[in-house]
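So the sequence shown is numbered by my numbering: it starts at 172 and just counts up by one. Just so it is clear, CB atoms sit at the ideal spot from N, CA and C, and this is done for glycine as well. One structure is given here, and the rest of the page talks about it.
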Amino acid sequence: MAGCLEKGKYKAVFSDIDGTLLNTSHQIPEKTKNKIQKINQEGIPFVLVSARMPKGMTEIRKELGAKSPMICYSGALVVDENDKPLYSVSLKKDEAIELCKTIQKMDSDISINLYSNDRWMVQNLKEFWIDQEMKITGVRAEQVSFQDESIFEEVHKILCMGDAEKIASLEEKLWKEFPHIRVYRSKDTYLEIMSMKASKSDAVHMLEETFDVTKQEIIAFGDNFNDIDMIMYAGLGVAMGNGTDEVKKAADYITEKNDQEGLRKVLDLCF
């Protein structure tokens with residue numbers, strides 16, 4: 172559907188980060204960065220949308236020179252350009268407690284991570300998966316006791332990390348046990364758990380009034396399961412060439428891979 176890439180039609184861009192904006196070295200290619208800075212200067216907002224916490228996104232926004240809100244935790248939290256919350260959807264306290272206890276019983280090898288606003292809370296900083304995630308995001312986790320129920324007051328996301336087969340098994344079990352909770356893989360080794368009321372598309376819709384745009388005037392980019400609703404919602408939903416088959420089926424247009432600057436190539440055609 173190359174015909175949908177029309178110059179002058181779109182007025183806002185919403186983009187996933189990992190596997191989409193960033194290449195496999197977790198960097199923004201220089202030409203992509205320059206293009207985003209150029210459209211920002213022309214008044215086209217470029218909004219970061221991610222399963223990450225705010226702290227894991229602010230340096231990327233700064234690098235882009237963008238002064239815009241960010242959609243964090245796949246839509247569970249939206250912060251303004253000064254990182255003040257605009258919109259928040261958290262798990263109920265008793266739900267979050269029960270989920271953590273159940274996951275530990277189901278598989279004690281799974282790494283459990285709690286996210287609340289700009290706090291990332293874990294039980295053991297020395298865990299392999301946590302150490303790896305700290306290196307990827309540049310954010311340091313906070314070691315806490317899950318026996319302290321006060322940490323469950325406003326949990327925006329529970330992230331489970333583990334081997335792919337263990338994560339697939341856990342996903343299936345949690346679907347059956349907690350059908351009212353949003354459970355999905357953001358990649359083979361990461362399982363995200365949030366309120367059913369939280370989604371990237373709802374957060375995008377909430378920001379339309381802020382930018383004075385309609386959904387038809389929005390481009391959304393993504394590569395994975397948690398991007399599907401946003402890609403289907405936007406006027407132009409773009410799947411990365413490295414994206415999952417499900418994302419590609421949902422998209423209006425499939426661009427090249429993140430390592431081939433597929434995002435920038437669409438921006439060049441549209442702006």
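Once you ignore the five residues that flank residue i on each side, which residues in its own chain have a CB closer than 8 Å to its CB?
| i | result |
| --- | --- |
| Lys202 | Glu432 and Arg435 |
| Ile215 | Tyr181, Lys182, Ala183, Val184 and Phe442 |
| Thr229 | Met241 and Asp254 |
| Thr195 | Asn429 and Asp430 |
| Gln294 | Ile283, Gln314, Val315, Ser316 and Phe317 |
| Lys178 | Leu440, Cys441 and Phe442 |
Starting from residue i, follow its DSSP beta bridges and name the residues at the other end.
| i | result |
| --- | --- |
| Ile390 | Val184 and Leu407 |
| Ile402 | None, per the DSSP bridge assignment. |
| Glu363 | Leu330 and Tyr355 |
| Asn284 | Leu330 |
| Met277 | None, per the DSSP bridge assignment. |
| Met292 | Leu285 and Glu313 |
Ordered along the chain, which non-local residues of its own chain (more than five positions away) have a Cβ less than 6 Å from that of residue i?
| i | result |
| --- | --- |
| Lys387 | With the sequence shown as reference, residue 387 is identified as Gln, and Lys is not the correct amino acid for it. Excluding sequence neighbours, Gln387 sits near Gly406. |
| Ser366 | Val260 and Leu262 |
| Trp300 | Ser282 and Met332 |
| Ile207 | Phe217 and Leu235 |
| Arg353 | Met365 and Met367 |
Would a C-beta distance cut-off of 8 Å place residue i and residue j closer than the cut-off?
| i | j | result |
| --- | --- | --- |
| Tyr361 | Leu341 | no |
| Val437 | Leu193 | no |
| Ile231 | Ile188 | yes |
| Asp394 | Gly190 | yes |
| Lys264 | Phe323 | yes |
| Val409 | Phe392 | yes |
| Met292 | Glu313 | yes |
| Gly236 | Asp373 | no |
| Ile338 | Leu270 | no |
| Tyr286 | Lys328 | yes |
| Ile268 | Glu348 | no |
| Thr415 | Phe396 | yes |
| Val310 | Lys226 | yes |
Assuming residue i contacts residue j under a Cβ cut-off of 8 Å, what Cβ separation, rounded to an integer in Å, is found between them?
| i | j | result |
| --- | --- | --- |
| Leu248 | Asn288 | 7 Å |
| Met277 | Lys344 | 6 Å |
| Val418 | Ile399 | 6 Å |
| Ser282 | Met332 | 4 Å |
| Glu234 | Lys204 | 7 Å |
Looking only at its own chain, which residues have a Cβ that is under 7 Å from the Cβ of residue i, when we skip the five neighbours before and after it?
| i | result |
| --- | --- |
| Ser492 | Residue 492 lies beyond the residue range present for the chain, which begins at 172 and ends at 442; the question has no answer from this structure. |
| His447 | With the chain covering only 172 through 442, there is no way to say anything about residue 447. |
| Arg223 | Ile188, Cys243 and Thr308 |
| Ala422 | Ile402, Gly408, Val409 and Ala410 |
| Glu290 | Contrary to the premise, residue 290 reads as Arg rather than Glu in this sequence. Only Glu313 meet the Cβ criterion. |
| Asp280 | Gly333 and Lys337 |
| Glu298 | Ser282 |
- Mind listing, in chain order, the continuous beta strand (DSSP E) runs of no fewer than 3 residues lying wholly within the region 297-341? Listed in chain order, the complete beta strand (DSSP E) runs (minimum 3 residues) inside the region 297-341 are 328-332.
- Message: As an exercise, report each continuous alpha helix (DSSP H) stretch of at least 4 residues that is fully enclosed by the region 204-261, in chain order.
- Response: Scanning the region 204-261 for uninterrupted alpha helix (DSSP H) segments of 4 residues or longer gives 229-235, listed from N- to C-terminal end.
- Message: Extract the residue ranges of the alpha helix (DSSP H) inside the region 405-441, only unbroken runs of 4 or more that lie entirely within it.
- Response: Whole alpha helix (DSSP H) segments, 4+ residues: 416-421 and 433-441.
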